[in-house]
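Notes follow once the structure below has been shown.
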Ligand code: GDP
């Protein structure tokens, strides 16, 4: 049986096939990349039917406790749950904030769940690419809920919001006391805010809920005018409380997710969101590929050290240097033959996250 067939076939061998497929995707070898693209193309028609849920929050907010509780709740309802992570610390140090083996003890051994830690190195864009592709493998294998988890630092939240259907931000009960500490950009990404550990301090949790609700309303008024108007066909980001540790509020959480999903399907935004994600993903990868090719260009490499010195010592204007380097690269055909660009043309479907429904 081919790897694609083994990924698609439910049964005892499937888990190993998924792991093998993801390892292939993560390989940096050019011949592996060609095989991986072929595999993705074959898997793509089987993707797109899962719900993709992004979850973010600072270390210690309770993400793994929550995902364990939610995952088991969903399995009890008959779902199959995959959990993937984008760990920004792995892109800096090769270390891991999210990689702790003791996380999600019950879920990680459950046969209806599949948990895969973040790829362990590379740029954030590179790690995000692998996670997007791993998501497709899990979807093709029949996991109908894919959770992508990240930590509340840097650009990783934008990356996760950019590959999921719904983005959930987890907060602590004291979050409302210091709204400044919540990055405005991240609040704007959130479709749902969860105040976790509400069991610790009920008053603080109530306060946080009220403050974040009004802050989100304000952001809605400043940003997306549709959020300010109450409209039954438009989702208004919600703020709810829960206790992951006690399992309280998990039901309510899922109810909100289902309302969101239903509404987004009815008003067409689920499909539009996936289309935008696939296209911006394609461009993100093109830009990364061009930049890589630019840096590898022989003429650029020849000119770069001197121009770097000239710019840093104020002898040449930064924009002049940039133009000279771009002109040097443009006169050299190697930029056009860069592997990432070749991969995109080899398999135009692969940069998309299998928005099967959108593409169908
Ligand atoms: P993560 O770093 O975001 O994955 O956080 P963890 O899930 O590892 O949780 C960090 C700590 O908070 C652990 O000791 C959990 O037991 C505890 N915790 C998680 N959720 C709750 C909750 O709802 N209430 C209380 N009291 N503690 C919680």
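In my numbering, the protein residues as written are 49 to 408.
Cβ coordinates follow ideal geometry from the N, Cα and C atoms, glycine included.
None of these values were measured; they are calculated from a predicted model.
- When only Cα atoms are considered, residue 167 and residue 174 end up about 9 Å apart.
- Put simply, the stretch 177-188 touches the stretch 80-96. At least three CB pairs are less than 8 Å apart.
- Runs of the alpha helix (DSSP H) spanning 4 or more residues and lying entirely within the stretch 297-344 occur at 298-314, 317-344, in chain order.
- With contacts defined by Cβ atoms closer than 7 Å, residue 326 and residue 289 do not form a contacting pair.
- At a threshold of 6 Å, residue 315 does not count as near the ligand GDP, since its beta carbon sits no closer than that to any of the ligand's heavy atoms.
- Residue selection by CB proximity (closer than 6 Å to any heavy atom of the ligand GDP) returns 105, 107, 108, 109, 110, 111, 112, 113, 244, 245, 247, 248, 291, 292, 293 in chain order.
- With respect to the 7 Å criterion, residue 369 and residue 348 are not classified as neighbours on the basis of their beta carbons.
- With contacts defined by Cβ atoms closer than 7 Å, residue 155 and residue 197 do not form a contacting pair.
- When 243, 209, 372, 364 are compared, the shortest CA-CA separation from residue 300 is found for 243.
- Around residue 214, the same chain offers 101, 239, 308 as residues with beta carbons nearer than 6 Å, after the five sequence neighbours per side are excluded.
- The three-state secondary structure of residue 91, taken from DSSP, is helix.
- The alpha-carbon of residue 132 is positioned some 9 Å away from that of residue 180.
- Within the same chain, no Cβ atom closer than 6 Å to the Cβ of residue 82 is found once the five residues on either side in sequence are excluded.
- Residue 361 is bridged by DSSP to nothing; it lacks a bridge partner.
- Just so you know, the alpha carbons of residue 222 and residue 234 end up roughly 17 Å apart.
- The criterion of a C-beta distance shorter than 7 Å is satisfied by residue 98 and residue 194.
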